[in-house]
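**Student:** Mind having a look at this structure? Questions to follow.
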Amino acid sequence: MPNQSFLLGLLLPLADAPPPAGQPSLKSVVHELYIDDLDRARLESLSGSDHIDGLDGHSHFVDARDQAEIERLGHKPVFAVPLPGGALYLRIPSFHAGTARAVHAALEPHVRSAPVRHLVMDLRDNRGGTISGAIEVADEFIDDGVLAGTRGRADIANMLFLAKPAGLLPKAGVTVLVDRMTASAAELLAGILAHRRDALLVGRDTYGKSSVQSQVHLDEAQDVMLTIARYYFDDGTSIGRRGLHPDIRVSTRRLHRQRPPESAAEVPALLGADSLILEALEALRRRDAAGAVQTSPKA
1 MPNQSFLLGL LLPLADAPPP AGQPSLKSVV HELYIDDLDR ARLESLSGSD
51 HIDGLDGHSH FVDARDQAEI ERLGHKPVFA VPLPGGALYL RIPSFHAGTA
101 RAVHAALEPH VRSAPVRHLV MDLRDNRGGT ISGAIEVADE FIDDGVLAGT
151 RGRADIANML FLAKPAGLLP KAGVTVLVDR MTASAAELLA GILAHRRDAL
201 LVGRDTYGKS SVQSQVHLDE AQDVMLTIAR YYFDDGTSIG RRGLHPDIRV
251 STRRLHRQRP PESAAEVPAL LGADSLILEA LEALRRRDAA GAVQTSPKA
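Numbering (full-length UniProt numbering), first residue to last: 1 to 299.
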């Protein structure tokens, strides 16, 4: 089957033209691509919907529910909660046009009031959204250099994302909670932090989606998504279908028992015995302390 990026450029001009004799219509061709190129088992493993990131800056859905139900759900909130010892917990449930602003607003009061030494970022059950949202959040933690890039056949799909100075937390240690439903833009952010900030990943292997997709409008009732690029980290590597592998693995049973909170008010109940959040924080502190000992000058 031809490359999807090529088909996107080749077939779109034919959308309103009748197909050649004996040839399938654009609609049937695109539907065939859409069905054949998606791993159906992976799609069916999603409970609900998967955000798909597009170069147009919008989130799109491949959904296993009625679209009206998805639209009614809206976006869950971003929030930050102080943890012991000058640390913060940051929950990001999805990425959309307002996520970076929400992250900045959640972090800023804590950063301005006292030094933040460590941060636990929770990306569990975050199925992605816009690439721009993930890039802008990464920029809060990295002050220079390449964050990530995208590559595709079309020139518009080849982009390089560079960090800008003046992020809120360019020096705090970072650990990221991930699971099997951490996908797409969420994987991109976790990977950027792991590559550029040596962030510690805690949880399970992530979903494994590095494609950038664009929406093709067929008619009033039907849209499809075509892959036009893939994103890469600063060293040229990509997630592909493997997903990100955590530095510290956590059992699926434990992850299910300690679900991500939906509001700041739920966080204190998750900080008791066997707290996954506190374990991730302590693992980061131990690693940073060991690194400080190894790099300290001898007397």
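Heads up, the beta-carbon is just placed ideally off N, CA and C, and yes, glycines get one too.
For HIS217, count neighbouring Cβ atoms within 10 angstroms of its own Cβ and tell me buried if that reaches 16, exposed if not.
**Tutor:** For the purposes of this step, residue 217 is identified with residue 217 of the sequence shown, where counting begins at 1. Flag for HIS217 reads exposed.
**Student:** Return the chain-ordered list of same chain residues with a C-beta closer than 6 Å to the C-beta of ASP155, the five sequence neighbours on each side being excluded.
**Tutor:** As a first step, residue 155 is located in the sequence shown; it is residue number 155 there, counting from the start. Result list for ASP155: empty, nothing under 6 Å.
**Student:** Could you please give me the residues that DSSP links to ILE142 through a beta bridge?
**Tutor:** Your numbering for residue 142 matches position 142 in the sequence shown. DSSP, once it has assigned bridges, lists no residue as partnering ILE142.
**Student:** Rounded to whole angstroms, what's the CA-CA distance from GLN213 to MET225? Just pull it up for me.
**Tutor:** Numbered from its first residue, the sequence shown carries residue 213 at position 213. Numbered from its first residue, the sequence shown carries residue 225 at position 225. Roughly 6 Å separates the two Cα atoms.
**Student:** Alpha carbons only, please: which of ILE135, HIS118 and ARG197 is nearest the one belonging to VAL284?
**Tutor:** By one-based count along the sequence shown, residue 284 stands at place 284. According to the sequence provided, residue 284 is Leu. The question's Val does not apply to it. Checking every option, the nearest Cα to that of LEU284 belongs to HIS118.
**Student:** Quick one: what's got a C-beta closer than 6 Å to GLY145's C-beta in the same chain, skipping five residues either side?
**Tutor:** Taking the first residue of the sequence shown as position 1, residue 145 is located at position 145. Here the set comprises ALA163.
**Student:** For VAL137 and THR175, which I take to be in contact (beta-carbon distance under 8 Å), what is that distance rounded to the nearest angstrom?
**Tutor:** Along the sequence shown, read from residue 1 onward, the residue named residue 137 stands at position 137. Along the sequence shown, read from residue 1 onward, the residue named residue 175 stands at position 175. Between THR175 and VAL137 the Cβ distance is about 15 Å, and since that is not below 8 Å, they are no contact.
**Student:** Could you tell me which residues DSSP puts in a beta bridge with THR175?
**Tutor:** Here residue 175 corresponds to residue number 175 of the sequence shown, with the count starting at 1. DSSP lists VAL120 and LEU200 as partners of THR175.
**Student:** Quick test of the definition: if touching needs 3 or more C-beta pairs under 8 Å, does the stretch 87-94 touch the stretch 104-122?
**Tutor:** Touching, yes.
**Student:** With distances taken Cα to Cα, identify the nearest neighbour of ARG112 among PRO82, GLY129, SER132 and GLY133.
**Tutor:** Counting from one through the sequence shown, the residue named residue 112 turns up at place 112. With distances taken between Cα atoms, ARG112 lies closest to PRO82.
**Student:** Contact check, THR130 vs ALA185 under 8 Å by CB: the rounded distance?
**Tutor:** The residue given as residue 130 occupies position 130 in the sequence shown. The residue given as residue 185 occupies position 185 in the sequence shown. That belief holds up - the Cβ atoms of THR130 and ALA185 are roughly 6 Å apart, short of 8 Å.
**Student:** For ALA221, does the three-state DSSP call read helix, strand or coil?
**Tutor:** Along the sequence shown, read from residue 1 onward, the residue named residue 221 stands at position 221. Three-state result, ALA221: coil.
**Student:** Just reading off the alpha helix (DSSP H) that VAL267 is part of, what are its end residues?
**Tutor:** In the sequence shown, residue 267 corresponds to position 267, counting from 1. From DSSP, VAL267 is part of no alpha helix (DSSP H); its letter is neither H nor E.
**Student:** Provide the residue span of the alpha helix (DSSP H) that contains PRO82, from first to last.
**Tutor:** To locate residue 82, count along the sequence shown from 1; it is residue 82. Run containing PRO82: none in the alpha helix (DSSP H); it sits in the beta strand (DSSP E), 79-83.
**Student:** Roughly how many angstroms lie between the CA atoms of GLU266 and HIS104, to the nearest whole one?
**Tutor:** Counting from one through the sequence shown, the residue named residue 266 turns up at place 266. Counting from one through the sequence shown, the residue named residue 104 turns up at place 104. Whole-angstrom Cα-Cα distance: 21 Å.
**Student:** Give me the Cα-Cα distance between ALA280 and LEU177, rounded to the nearest whole angstrom.
**Tutor:** To locate residue 280, count along the sequence shown from 1; it is residue 280. To locate residue 177, count along the sequence shown from 1; it is residue 177. Spanning the two alpha carbons is a distance of roughly 8 Å.
**Student:** Taking all protein chains shown into account, do 16 or more other C-beta atoms lie within 10 angstroms of the C-beta of LEU26, making it buried, or fewer, making it exposed?
**Tutor:** Within the sequence shown, the letter at position 26 stands for residue 26. With a pLDDT of only 35 at LEU26, under the threshold of 50, the placement of this residue in the model should not be trusted; the figure read from the coordinates follows. Buried, by the Cβ-count rule.
**Student:** Report the rounded CA-to-CA distance for ILE142 versus LEU270, giving the unit in angstroms.
**Tutor:** The count along the sequence shown starts at 1 and reaches residue 142 at position 142. The count along the sequence shown starts at 1 and reaches residue 270 at position 270. Approximately 29 Å, taken between the alpha carbons.
**Student:** I'd like the list of long-range same chain contacts for residue 316, defined as Cβ closer than 6 Å, with 5 residues on each side in sequence excluded.
**Tutor:** The structure shown does not extend to residue 316, since the chain is modelled only from 1 to 299, so the question has no answer here.
**Student:** Roughly how many angstroms separate the alpha carbons of ARG287 and GLN215, rounded to a whole number?
**Tutor:** Here residue 287 corresponds to residue number 287 of the sequence shown, with the count starting at 1. Here residue 215 corresponds to residue number 215 of the sequence shown, with the count starting at 1. In a straight line, the C-alpha of ARG287 is about 43 Å away from that of GLN215.
**Student:** Can the beta-carbon of PHE79 be found closer than 8 Å to that of GLY133?
**Tutor:** For the purposes of this step, residue 79 is identified with residue 79 of the sequence shown, where counting begins at 1. For the purposes of this step, residue 133 is identified with residue 133 of the sequence shown, where counting begins at 1. It is not a contact, given that the beta carbons lie outside the stated cut-off.
**Student:** Note the first and the last residue of the continuous beta strand (DSSP E) segment covering ALA87.
**Tutor:** Looking up residue 87 in the sequence shown gives position 87. 87-91 is the span of the beta strand (DSSP E), which, as asked, contains ALA87.
**Student:** Beta-carbon separation of ALA148 and ILE192 under 8 Å?
**Tutor:** In the sequence shown, residue 148 corresponds to position 148, counting from 1. In the sequence shown, residue 192 corresponds to position 192, counting from 1. In contact: ALA148 and ILE192 (Cβ atoms closer than 8 Å).
**Student:** Could you check if GLU140 is buried or exposed, using at least 16 other CB atoms within 10 Å of its CB as the buried criterion?
**Tutor:** Here residue 140 refers to the residue found at position 140 of the sequence shown. Looking at its Cβ environment, which holds 16 or more other Cβ atoms inside 10 Å, GLU140 is buried.
**Student:** Whose C-alpha, out of ASP223, ILE135 and ALA273, is nearest the C-alpha of ARG196?
**Tutor:** Counted from its first residue, the sequence shown places residue 196 at position 196. The shortest C-alpha separation from ARG196 is found at ILE135.
**Student:** How many whole angstroms separate the CB atoms of LEU189 and VAL116, which I take to be in contact at a CB cut-off of 8 Å?
**Tutor:** Locating residue 189 in the sequence shown gives position 189, counting from the first residue. Locating residue 116 in the sequence shown gives position 116, counting from the first residue. The pair is not a contact, with the Cβ atoms about 18 Å apart (cut-off 8 Å).
**Student:** Using 10 angstroms around the beta-carbon of ALA114, count the other beta-carbons present and answer buried if the total reaches 16, otherwise exposed.
**Tutor:** Here residue 114 is taken as the residue at index 114 of the sequence shown, counted from 1. With fewer than 16 other Cβ atoms within 10 Å, it is exposed.
**Student:** Would ALA273 be called buried (16 or more neighbouring beta carbons within 10 Å of its own) or exposed?
**Tutor:** By 1-based counting over the sequence shown, the position of residue 273 is 273. Label assigned to ALA273: exposed.
**Student:** Can you tell me whether GLY149 is helix, strand or coil according to DSSP?
**Tutor:** By one-based count along the sequence shown, residue 149 stands at place 149. Strand, per DSSP.
**Student:** What separation, rounded to the nearest whole angstrom, lies between the Cα atoms of GLU282 and MET159?
**Tutor:** Locating residue 282 in the sequence shown gives position 282, where the first residue counts as 1. Locating residue 159 in the sequence shown gives position 159, where the first residue counts as 1. The alpha-carbon atoms of GLU282 and MET159 are separated by roughly 37 Å.
**Student:** Closer than 7 Å by C-beta to SER211: which residues in its own chain qualify, once you throw out the five before and the five after it? Chain order, please.
**Tutor:** Here the question's residue 211 lines up with position 211 in the sequence shown. Cβ within range, chain order: THR227 and ARG230.
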